[in-house]
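A.B. asks: Residue numbering for the sequence shown follows our numbering, starting at 706 and increasing by one per position. Just so you know, even glycine gets a beta-carbon here, dropped at the ideal spot from N, CA and C.
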Amino acid sequence: MNVLVRVPIVLILVGIVLAGGCSESGQVTTGNGRQGLARNGSPRQAVGSDGTQPAGETPSDAGDGRAAGTAPAGEPLDADHARLAERLIAGGVDYLLTHRDDDGGWSMGDQRQMQPALTGLALKAVLQDPRLDVSSPQVRGALAVMLGYQQEDGGIYDPAQGKANYTTAVAVMVLAAADDPSLASSLEQAVMYLRGLQILPGSQTADGDVVSDDHPFSGGVGYGEHGRPDLSSVGMWMQAMHDAGVSGDDPAMQRALAFVARTQNRSESNTSAWAAAGSNDGGFVYAPAVRGDLTRGESKAGPGPGGRGLRSYGSMTYVGFKSLLYADLSRRDPRVRAALDWIGRYWRLDSNPNMPYERSGQGLYYYYHAMAKALRAWGEPTIASADGEEHNWRHELIDALAERVAEDGSWINPADRWFEGDANLVTAYAVLALQEALKP
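1) Below 6 Å CB to CB, which residues in the same chain sit around Ala1075 once its five sequence neighbours on both sides are set aside?
2) At 4 residues or longer, what runs of the alpha helix (DSSP H) sit wholly inside the region 868-895?
3) How many Å lie between Ser890 and Met946 at the Cα?
4) What's the gap between the Cα of Val1131 and the Cα of Ala827?
5) Please classify Glu1095 as buried or exposed, where buried requires at least 16 other C-beta atoms within 10 Å of its C-beta.
6) Going by Cα to Cα distance, which pick from Val798, Asp935, Arg817 is closest to Asp807?
7) DSSP has Thr1087 in a bridge; who is on the other side?
8) What residue from Gly810, Ala949, Leu899, Val1110 has the CA that sits closest to Ala881's CA?
9) Hey, which unbroken runs of the alpha helix (DSSP H) at 4 residues or more fall wholly within the region 969-1054?
10) Could you tell me whether the Cβ atoms of Ser1056 and Gly1066 are closer together than 8 Å?
11) Could you tell me the boundaries of the alpha helix (DSSP H) in which Leu793 lies?
12) Between which two residues does the alpha helix (DSSP H) harbouring Glu1141 extend?
13) Under the DSSP definition of a beta bridge, which residues are partnered with Val915?
14) If you run the structure through DSSP and keep just helix, strand and coil, what is Met946?
15) Using only the alpha-carbon positions, how far apart do Tyr1051 and Gln856 sit?
16) With a CB to CB cut of under 8 Å and the five nearest residues on each side skipped, what residues in its chain are close to Glu1101?
17) Opposite Ile663 in the DSSP bridges: which residues?
18) Tell me the DSSP bridge mates of Met813?
19) Quick check on the DSSP output: the alpha helix (DSSP H) that includes Ala961 runs from which residue to which?
20) Could you tell me which of Met897, Asp858, Lys868, Val798 sits nearest to Leu837, measuring between CA atoms?
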């Protein structure tokens, strides 16, 4: 197996005792076959800080004695849905293991396209399978591939392919989930790299503008250094920081919170021109401003009703919602309540909510993954829709994925946008969403 090795940390892998096994097809053959989650996601020690004071609003007191992400998880799944999720996850993991690259990672096409990021996403799904652990050969091989992309600056990415923030953020999530002391140095370096990507007041944009505190890019992160920031990139960045144990009141997280608030369709807390002109519905859009016109934001769902403002949509609203929670906002904060109201108003799992009909299937599995992360962070077992019905989000998510799974255990999105025509990527999204549903 040919493994790209660019940093000495990968050499540590050689000294680890390997356990577990797989058949010639790559399917897991050890353990009792039961699919649940061995790791409980307990808080990790925070990694680093830049020591500056936070920008934007200070998180208010929760009022009910709980931080936003620490509410009771609610009632458990019923036994039938738990068993169904376990079967779906096991099938998805087996599919991923039988569709690896010859070096043990995952990618698209013949040119190792997106290998660092796709290896990370698939690896996290595989790592959370209780039939495997961090010492399993399949896991160690994929870790070696992923860490082979770690650069001298600490980031984990392919310089030829870019997307350094995205791929490093995914890698940080994997390293945090692995919880392996031998990987601590790689994790710390990657987190420090992510900190350095944040756009700070006084820095320059790609167009040469000096960023002020109230600049729409301030606190944001793009796909690469100082590019146009967007909510998807910032959401991945905040997820990685949260998973690595960085506190929600960390100055960097608070700066990111200020950016996230600028992507919310809520004129009371967002002074953007598009927010003032739009639906004021509490949902989120893709970006608060674009290069060359800082007054014009961007939504992948297009303009708002009547062509005014921007149209909020599901995948970005769930990313925005969980980002507010990770920044330790109160459950009673009006920005949190507005996002939650939007979620109830547009509740559905047959499409990416509030996307135009002809594009409603686009980003569906990204949406499922973001939804599962966000609603588990919220901590309640049900969501009330606009008609007052209480929806058990775990049950409905599991049912939706069960309806869409292929016979070989994989998932694919017929609406092939944002790479969702790739079975490895979509299967990783689906498994990760199901694993969130099984967590307490």
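C.D. replies: The relevant details are as follows:
1) Here the set comprises Ser1020, Tyr1023, Val1024.
2) 869-883
3) If you take the alpha carbons of Ser890 and Met946, they lie about 15 Å apart.
4) Here the alpha carbons of Ala827 and Val1131 stand approximately 10 Å from one another.
5) By the neighbour-count criterion, in which 16 or more other beta carbons inside 10 Å mark a residue as buried, Glu1095 falls on the exposed side.
6) Arg817
7) Asn1097
8) Ala949
9) 978-982, 1019-1031, 1039-1050
10) Less than 8 Å divides the Cβ of Ser1056 from the Cβ of Gly1066.
11) First-last of the alpha helix (DSSP H) with Leu793: 784-802.
12) Per DSSP, Glu1141 belongs to the alpha helix (DSSP H) from 1128-1143.
13) Gln909
14) helix
15) 42 Å
16) Leu1054
17) Here the chain covers residues 706 to 1145 and nothing more, so residue 663 does not appear.
18) Gln818
19) 956-966
20) Val798
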